[in-house]
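Numbered by this note's numbering, the letters in the sequence shown go through residues 16 to 195 in order. One structure below.
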Amino acid sequence: MTVTSKENAEKELIPIEKLKDYLIWREKEFIEKYHGIRYNTENDNYTSLKATLENDLPLIAIVNSTLLNWDSKASHPWILKIKIKYDGSENNGFPDEETYQLMDLFEDKISEELKDYEGYLNVGRETADSERFVFFACNDFRKPSKVLNNLLKEFADKLEVSFDIYKDKYWRSLEQYKTN
């Protein structure tokens, strides 16, 4: 934010008493631009990415490459980042079969609640070094927060899970997963 004098203003000034109306108008303009945009991931393409971390452990990511190139990302500006910690010391940083199945069940339960056609898009996941990250792009932050809080209680004695929800209108935090 830049504060300047009235004389140095470069754009039309808005009186403070009209600021609320102005902001409401701008929000409506944005919502109308993206309102009704729905995304169905059923026929999307997915990419498997492999890398080696600095500690020489492997990393595997599976991402929805069609979605990462979608031109209406701003309609889903909230990123839900789920972190699942597990013991991968015996398996080169990856989960054992039982933990893998449990993590898949956890992700399935998330997807049952957060459907793509309702505005919750599963962008992908990354697994490495005793951690899995799962990413959803969302058009709202309230429902994902409630769903994850409930699932954390349900899986409290089975998985070590945490999550963050942050605003990233153009999904810049997911750029590292884009392929050409």
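All C-beta atoms in this analysis are idealised placements derived from N, C-alpha and C, irrespective of residue type, glycine included. The structure displayed is predicted, hence computed values, not measured ones.
Task: Residues near Lys-124 by beta carbon distance below 7 Å, same chain, minus five either side - done: Excluding sequence positions up to five before and after Lys-124, its CB lies within less than 7 Å of the CB of Leu-166, all in the same chain and listed in chain order.
What residue does the alpha helix (DSSP H) around Tyr-115 start on, and which one ends it?
112–128 is the span of the alpha helix (DSSP H), which, as asked, contains Tyr-115.
Pick from Lys-88, Leu-189, Asp-36 and Glu-113 that is closest to Leu-174, judged by C-alpha positions = Selection Lys-88, Leu-189, Asp-36 and Glu-113 evaluated against Leu-174 yields Glu-113 as nearest (Cα-Cα).
Taking all protein chains shown into account, decide if Arg-157 is buried (16 or more other Cβ within 10 angstroms of its Cβ) or exposed.
By the 10 Å Cβ count, Arg-157 comes out exposed.
request  = Assign Ile-99 to one of two classes, buried (16 or more other C-beta atoms within 10 Å of its C-beta) or exposed (fewer than that).
outcome  = Buried, since its Cβ has 16 or more Cβ neighbours within 10 Å.
Mapping the DSSP letters down to three states, classify Ser-177 as helix, strand or coil. When DSSP states are grouped into helix, strand and coil, Ser-177 belongs to the strand group.
message: Between the segment 64–81 and the segment 132–143, can you find at least three pairs of beta-carbon atoms closer than 8 Å?
response: Touching, yes.
State yes or no: is the C-beta of Leu-163 within less than 8 Å of the C-beta of Ile-97?
-> For the pair Leu-163 and Ile-97, the CB atoms are nearer than the 8 Å cut-off.
Exercise for review: Could you tell me whether the segment 27–39 touches the segment 55–71, using the rule of 3 or more Cβ pairs below 8 Å?
Suggested key: They do not touch, by the three-pair rule.
Measuring alpha carbon to alpha carbon, tell me which residue in Asn-106, Glu-69, Ser-177 and Ala-89 is nearest Glu-42.
Comparing alpha-carbon positions, the option among Asn-106, Glu-69, Ser-177 and Ala-89 lying closest to Glu-42 turns out to be Ala-89.
**Message:** Let me check one thing: in DSSP terms, what residues is Tyr-135 bridge-paired to?
**Reply:** When beta bridges are read from the DSSP output, Tyr-135 appears opposite Cys-153.
Of the choices Asp-183, Pro-159, Asp-172 and Asn-107, whose alpha-carbon is the least far from that of Ser-87? It is Asp-183 whose Cα lies nearest to the Cα of Ser-87.
Distance, Trp-186 Cα to Asn-23 Cα: So the alpha carbons of these two residues sit roughly 34 Å apart.
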